[in-house]
Amino acid sequence: MNADQALQFLIGGLTVGAIYALVALGFTIIYNVTGIINFAQGEFVMLGALLLYSFSDQTGGLGLPLLVAVPLAIAATTVAGLALERFAIRPSRAASIVALIIVTIGASLLLRGAAQLRWGKDALPVQPFSGSGVIPLGGAVISRQSLWVLGATLLVMVLLYLFFNRTLLGRAVLACGLNRYGATLIGIDARQMSLLSFGLSAALGGLGGALIAPISLANPEMGVIGLKGFAAAVLGGLGSSPGAVLGGLALGVLEAFGTGYISSGYKDAIAFVVLLAVLLVRPEGLLGVRSNEVHTAGLDVLRRRGTARGDRARVNWIWLAVAAAILALPLLGNRFLVNLGVIVGLYAMVAVGVGLLMGYTGQISLGQAAFMGIGAYSSAILTTRLGWPPLAALLFGVILSVVVAYVVGRQVFKLTGHYLALGTLAFGIVVWQVFDQWEPVTGAGAGILNIPRLGVGGFILRGDIPYYYLVWPLVLLLLLGALNLVDSRIGRALRAVASSEPGAESLGVHSAAFKVKVFTLSAAFASIAGSLYAHFLGFIDPGPFGFAASLSFVIMAVLGGTATVWGPPFGALVIVLLSQLLQQFRDWNTLVNGLILMLIVMFLPQGVIRGVGELLAGRAKAPRDEPSAVEVPETRPIVEASALPGVDASSPRGRGLG
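The opening position of the sequence shown corresponds to residue 177 in our numbering, with each subsequent residue numbered one higher.
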C-alpha cells in the first residue's frame, strides 16, 4: 500500500468514523443523564436516512428541497426519541440494568420492523447535498458529501460544547449526570432532563443518517451502525463526550485500514477484537475514568418469589400432561409438526442456558448463538472433512465450546453492567465473522453440505421421529439438571450473586467463579443444540448463528421468564410458533418480536410462566421496589437552575464536550 492509498483509506475512515462519533455522542448523552445504554440508537440513524428519502425523493417521496427535507427528517426522528423515553423507558424506570437494555433492544427491533413495513428491505438512493463530484486531495480524492459529514460533525461538537457549558439548560443536564437526586433537590426536573437527553440523542442519530444516506444508501438494516456507535463510545470512554468522538474516529480509521491491509470481510471482526482488548485492559476506555460501580444485570431476581424447590413442586399433573403431549406429538402423523418440534427442542436447549445465566446469576449474554455455531461447525467439519463419527464430533464441539467459554468468561466476567453486554456482543460478532469469512474451513456463505445423520456404530437416526425422540428427552434431562443445580448450594450462591454481588462476596462467595461456571454450562447446552441442529438438517451456513439469533434466545428466555427454569422452553415454543404463524406476513416478524420483548419486560417482567402461575394462584403482584436507573423523586423547584455555575463537569458522568 502506497502513501496515496493510505491517504484514501484515511479519508474514508474519518468519514465513517464521524458518523460513528455522532452515534457515540448520542449514547453518551443518554448514559450521562439516565445511566441507560440505548440499543435503539442505531435505528435513529436508520430513521433519519429513510425519512430524508421520503421527504426529498422526486419519485418515491414528497420531492421537497434538501434545505427543508433534512431538518424535517431530523425533527421527525427527534419525536421518535421522545416517544421512546416517554412510553417505554419511563414506565420501566424501576427495572434493573439488563431489563432496560432489553427494553431498548425491543425498541430497536420494533423500529426496524416498522421501517421494513413502510419502506421495504431494498436500499434506497438519496441525493448528495451538493452534487456527486469529488475534490482532489494529494494523490487521493474526497467526495463533497464526505466534506458535509466531517463539517457537520465538527459543528455538532462545537454546538454541544456551547450548550453544555454556556447555557442553564445544558448545565442542568450536566447536573443530572453528576447526581440526579441532588439535582432534583435544587429544582431540576430530572424526568424532563431524561426526556431531553433522548430527544438530543435521536436528533444526533437522525443527522447522522441524513449525512451518510447519500454515501451508503438508506435501508432498514443500517441501524446496525448503532453497535459500532456503542463500541466507539466504550472505546473512547463511556460517559466522555471527547472520548466518544475520539473512539468513533479511531474505529472508523481502524476499519478502513483493516479493509486495506487484511480483508473487507473481516473489518467488523478487527474492530471488535480491538474493542475486546480495550475492554479487558482498560475498560474505562481511552479518555474515561475508572468507575467502582457494580451493576447487577438480573432481570427479575429481586422480584423472585420462591426457589427452585418451589419450581420442582410445580412439576404436578399439568407438567406431566405437557410432557405426555410432547412425547405423543409424533403419533399424529404430521411430519411438519415433528420437524417443528425438533427445532423448538433445539432452541429450548439454548434458551435454558440463557435463562440460567440471566435469571440465576444476573448476567446477560448477547453472543450465545456463537456457541451454538461452534457446536454446529465442529460437527459439520469433523464429520464431512475428517470422517469422524457424529457422536465423537458432537462431544468435541461441546469440549471446544466449554474451553472457549471458560477462557472468554474468565476475562469478560471481569466486566459489569453495560461493559459485560458489549463484551459478549463483541465475542459473538467476532465468532460469526469467522464463520462467514473463513471459506476454506467453514464454506463461508455457501455453508457445508452433506452432514451425516447422527448415529452410533451401525445405528443411524433416520427420519424425523427418531430425532424428535432424541431431542425432547434430552431437553427434559437438561431441565431436571438445571432444577437440581438451582436448588443446590451452588444455586443459592448464584441467587446471592444475582441479588447483590458485593453482598455475596462479603459472605465468601467467589462470584466470578460461579458466573464463569454457569457461562460454560450454558455454552455446553448451546453447543449440543448446535451439533444436533447440523446433523438434523444436513446443512449449515452462518445465518442461524449471528447477533439476531442471540437476541432471539434472549427473547425466548425473557418471554417465558428467567425466574423459573421452565420459562425459557415455553418462550422457545411461543417464538417458533409465532414465526410459523407469521409466515405469510414475514415482514411483521421483527416488529412483533420487538413488541413482545418490550411489553413483557414492561408489564410482565417475571415472564409468562411465573406471571400466569401467580395470577392463577391469586397472588398479589410483587412490589416494584428495586433501585431505578432513572427514577427520581417528585419535587417542586426550590431554587433556580442559575445556582449551577459551580458544577464540576470533569466527572465521567455528566461531562459535556469540554
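Where a beta carbon is used, it is the ideal one built from N, C-alpha and C, also for glycine.
Practice item. Let me know the secondary structure DSSP gives L652 once reduced to three states. Key: Taking the first residue of the sequence shown as 1, we reach residue 652 at position 476. Look at L652 here: in three-state DSSP terms it is helix.
Point to revise | Separation of L654 from A688, as counted between CA atoms | key: Residue 688 sits at position 512 when you count from the first residue of the sequence shown. Residue 654 sits at position 478 when you count from the first residue of the sequence shown. C-alpha separation (whole angstroms): 23 angstroms.
Point to revise | Pairwise C-alpha distance: P745 and A527 | key: Looking up residue 527 in the sequence shown gives position 351. Looking up residue 745 in the sequence shown gives position 569. Their backbone Cα atoms lie some 6 angstroms apart in a straight line.
Review point. Using the rule of at least 16 other Cβ atoms within 10 Å of the residue's Cβ for burial, across every protein chain shown, is A378 buried or exposed?
Key: As a first step, residue 378 must be located in the sequence shown, where it is residue number 202. With 16 or more Cβ atoms within 10 Å of its Cβ, A378 is classed as buried.
Practice item. Look at the alpha carbon of D612 and the alpha carbon of I213, and state the distance between them as a whole number of angstroms. Key: For the purposes of this step, residue 612 is identified with residue 436 of the sequence shown, where counting begins at 1. For the purposes of this step, residue 213 is identified with residue 37 of the sequence shown, where counting begins at 1. D612 and I213: Cα-Cα distance of roughly 28 angstroms.
Check your understanding: Assuming R671 and G737 make a contact with CB atoms under 8 angstroms, what is their CB distance in whole Å?
Key -> Position 495 of the sequence shown holds residue 671. Position 561 of the sequence shown holds residue 737. Between G737 and R671 the Cβ distance is about 15 angstroms, and since that is not below 8 angstroms, they are no contact.
Check your understanding: On the three-state DSSP scale, how would you describe A256?
Key -> Reading the sequence shown from its first residue, position 80 is the one you call residue 256. It is helical.
Point to revise | Per-residue burial, T253 [other beta carbons within 10 Å of its own, 16 or more giving buried] | key: As a working mapping, residue 253 is identified with position 77 in the sequence shown. Flag for T253 reads buried.
Check your understanding: How many angstroms separate the CA atom of G413 from the CA atom of L422?
Key -> On the sequence shown, residue 413 is found 237 positions in, with the first residue counted as 1. On the sequence shown, residue 422 is found 246 positions in, with the first residue counted as 1. Their backbone Cα atoms lie some 9 angstroms apart in a straight line.
Point to revise | G434 - DSSP class collapsed to helix/strand/coil | key: Walking along the sequence shown from the start, residue 434 turns up at place 258. If DSSP states are grouped into helix, strand and coil, G434 belongs with the helices.
Check your understanding: Does DSSP put P312 in a helix, a strand or coil?
Key -> By 1-based counting over the sequence shown, the position of residue 312 is 136. Strand.
Point to revise | Continuous alpha helix (DSSP H) assignments of at least 4 residues falling wholly in the segment 657 to 694 | key: Listed in chain order, the complete alpha helix (DSSP H) runs (minimum 4 residues) inside the segment 657 to 694 are 665 to 675 and 677 to 682.
**Study point:** 7 angstroms CB neighbourhood of N626 in its chain, flanking five on each side removed
**Key:** Here residue 626 is taken as the residue at index 450 of the sequence shown, counted from 1. Excluding sequence neighbours, N626 sits near T560 and G714.
Point to revise | Through-space distance from A545 to Q756, alpha-carbon basis | key: Taking the sequence shown and counting its residues from 1, one reaches residue 756 at position 580. Taking the sequence shown and counting its residues from 1, one reaches residue 545 at position 369. Using only the alpha carbons, I get a separation of about 21 angstroms.
Exercise for review: Determine the extent of the alpha helix (DSSP H) in which E615 is found, giving its start and end residues.
Suggested key: Reading the sequence shown from its first residue, position 439 is the one you call residue 615. Element bounds for E615: E615 to T618.
Review point. Name the DSSP bridge partner or partners of S319?
Key: Indexing the sequence shown from 1 puts residue 319 at position 143. Partner(s): V310.
Check your understanding: When the distance is taken between beta carbons, is S703 closer than 8 angstroms to I550?
Key -> In the sequence shown, counting from the first residue as 1, residue 550 sits at position 374. In the sequence shown, counting from the first residue as 1, residue 703 sits at position 527. For I550 and S703, yes; Cβs fall inside 8 angstroms.
Check your understanding: Who are the near neighbours of T204 in its chain, counting only those whose CB is closer than 6 angstroms to its CB and skipping five residues on each side?
Key -> Indexing the sequence shown from 1 puts residue 204 at position 28. A409, S417 and A420, listed in sequence order.
Point to revise | N-terminal and C-terminal residue of the alpha helix (DSSP H) that I277 is part of | key: By 1-based counting over the sequence shown, the position of residue 277 is 101. It spans I273 to W295 - the alpha helix (DSSP H) in which I277 sits, taken as one unbroken run.
Practice item. Pull up the distance between the alpha-carbon of I318 and that of A524, whole angstroms please. Key: Residue 318 sits at position 142 when you count from the first residue of the sequence shown. Residue 524 sits at position 348 when you count from the first residue of the sequence shown. Approximately 51 angstroms, taken between the alpha carbons.
Point to revise | Residue environment, S664, which counts as buried when at least 16 other CB atoms sit within 10 Å | key: The residue you call residue 664 lines up with position 488 of the sequence shown. Result: exposed.
**Study point:** Three-state secondary structure (DSSP) of I627
**Key:** On the sequence shown, position 451 is the one that residue 627 refers to. Here I627 sits in coil by DSSP.
Point to revise | Distance between M732 and V750 (C-alpha atoms, nearest Å) | key: Translated into the one-based positions of the sequence shown, residue 750 becomes position 574. Translated into the one-based positions of the sequence shown, residue 732 becomes position 556. When rounded, the distance between both Cα atoms is 8 angstroms.
Review point. Residues in its own chain within less than 6 angstroms of F603 by CB, not counting five upstream and five downstream?
Key: Looking up residue 603 in the sequence shown gives position 427. Closer than 6 angstroms at the Cβ level, and outside the excluded window around F603, lie G543 and V584.
Check your understanding: Among V310, R629 and D365, which residue has its Cα nearest to the Cα of I187?
Key -> Start at 1 with the first residue of the sequence shown, and residue 187 comes out as number 11. If we check each option's Cα against that of I187, V310 comes out closest.
**Study point:** Cβ pair L286, G770 closer than 8 angstroms
**Key:** Position 110 of the sequence shown, counted from the start, is the residue given in the question as residue 286. Position 594 of the sequence shown, counted from the start, is the residue given in the question as residue 770. Yes, Cβ-Cβ distance for L286 and G770 is below 8 angstroms.
Check your understanding: Mapping DSSP to helix, strand and coil, what is I636?
Key -> Within the sequence shown, numbered from 1, the residue matching residue 636 stands at position 460. I636: strand per DSSP, three-state reduction.
Review point. Would you say the segment 450 to 465 touches the segment 422 to 439, given that touching needs at least three Cβ pairs under 8 angstroms?
Key: yes
Check your understanding: Okay, do the segment 235 to 253 and the segment 213 to 227 touch, 3+ Cβ pairs below 8 angstroms being the bar?
Key -> yes
Review point. Excluding five sequence neighbours on each side, which residues of the same chain lie with their C-beta closer than 7 angstroms to the C-beta of K797?
Key: Position 621 of the sequence shown, counted from the first residue, corresponds to residue 797. With a pLDDT of 48 at K797, under the threshold of 50, the modelled position of this residue cannot be trusted; read the value that follows with caution. Excluding sequence neighbours, K797 sits near nothing in its chain.
Exercise for review: Determine the DSSP secondary structure at L344, reduced to helix, strand or coil.
Suggested key: Numbered from 1 along the sequence shown, position 168 holds the residue referred to as residue 344. Of the three classes helix, strand and coil, the one that applies to L344 here is helix, per DSSP.
Check your understanding: Checking contacts by CB at 8 angstroms: is R367 closer than that to chain D?
Key -> In the structure shown, chain D cannot be found, because there is only a single protein chain.
Exercise for review: Can you say whether K297 is buried or exposed, counting buried as having 16 or more other CB atoms within 10 angstroms of its CB?
Suggested key: Translated into the one-based positions of the sequence shown, residue 297 becomes position 121. It counts as exposed.
Check your understanding: Counting Cβ pairs, one atom from each stretch, are 3 or more of them under 8 angstroms apart for the segment 502 to 511 and the segment 709 to 724?
Key -> Counting Cβ pairs under 8 angstroms, fewer than three are found: no touch.
**Study point:** Close Cβ partners of L780 (< 7 angstroms) along its chain, the five nearest in sequence each way excluded
**Key:** By one-based count along the sequence shown, residue 780 stands at place 604. Here the set comprises G787.
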